[in-house]
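Remarks on the structure that follows.
Residue numbers (UniProt numbering): 1 to 189.
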């Protein structure tokens, strides 16, 4: 880990309101994995690096809130796209966190194992398969093929297809944050 966690007692005046907003969002939305250090309330995962640079972190957090708390994509499709992205970048904390969310959303263990290995699972259907195909095409660095884009629009509607593209982009940024700052997976207690 390249950045020490910031305990709430060490926050600057600029960091405090961002911390409070992030903590509330974590507690309401990102609560099936460890993201807050129990002993002092320090934020873990991507939130700690974002707090270290409040102007940048606040902007990323605002986008994260919109993409998470106002999401319209089906939960399983959303988690598949996030895991495809995390697996592509081998982002340990992202994989840790979103495997927990995906399990909570009902994605089975065999599919999760295959997803985090960077392979398309068998048995994906409909929305899940489209989410995989869009995310995979985007993270491999190519222009999203027209048939794949069209299928996403037919499956999720225009807004949903656009949300899926932005979601993959956001989790590329999250992956880069986690990998760039070498953010570890929390130790099991």
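Backbone N, C-alpha and C fix where the C-beta goes; we use that ideal spot for every residue, glycine too.
In the same chain as residue 163, and ignoring 5 residues on each side of it, the C-beta atoms closer than 8 Å to its own belong to 67, 71, 72, 73, 156, in chain order.
The three-state secondary structure of residue 26, taken from DSSP, is helix.
Unbroken alpha helix (DSSP H) runs of no fewer than 4 residues, entirely contained in the UniProt domain "Carboxymuconolactone decarboxylase-like" (58–136), are found at 75–88, 92–104, 109–116, following chain order.
Put simply, of 91, 106, 134, 103 the residue whose alpha carbon is nearest the alpha carbon of residue 117 is 91. The criterion of a C-beta distance shorter than 7 Å is satisfied by residue 127 and residue 77. Across the set 35, 86, 69, 175, the C-alpha of 35 shows the shortest separation from the C-alpha of residue 6. Its chain contains 133, 134, 137 as the residues whose beta carbon lies nearer than 7 Å to that of residue 148, once the 5 sequence neighbours on both sides are disregarded; these appear in chain order.
If you draw a straight line from the Cα of residue 179 to the Cα of residue 123, it is about 30 Å long. In this structure, the beta-carbon distance from residue 69 to residue 29 falls below 7 Å. DSSP, read as helix, strand or coil, puts residue 18 in helix. Around the beta-carbon of residue 166, fewer than 16 other beta-carbon atoms lie within 10 Å, marking it exposed. Under the Cβ criterion (8 Å, minimum of three pairs), the stretch 53–62 does not count as touching the stretch 101–113. Check the Cα spacing between residue 19 and each of 130, 51, 44, 3: the tightest is with 51. Spatial neighbours of residue 93 in its own chain (CB-CB distance under 6 Å, excluding positions within 5 residues in sequence) are listed in chain order as 45, 178, 183, 185. Per DSSP, the unbroken alpha helix (DSSP H) holding residue 48 starts and ends at 47–52.
Annotation: the continuous alpha helix (DSSP H) that includes residue 175 extends over 146–180. Contact annotation, residue 84 with residue 112: C-beta distance approximately 12 Å; criterion of less than 8 Å not satisfied. Listed in chain order, the non-local C-beta contacts of residue 56 below 8 Å within the same chain comprise 50, local neighbours out to five positions each way being set aside.
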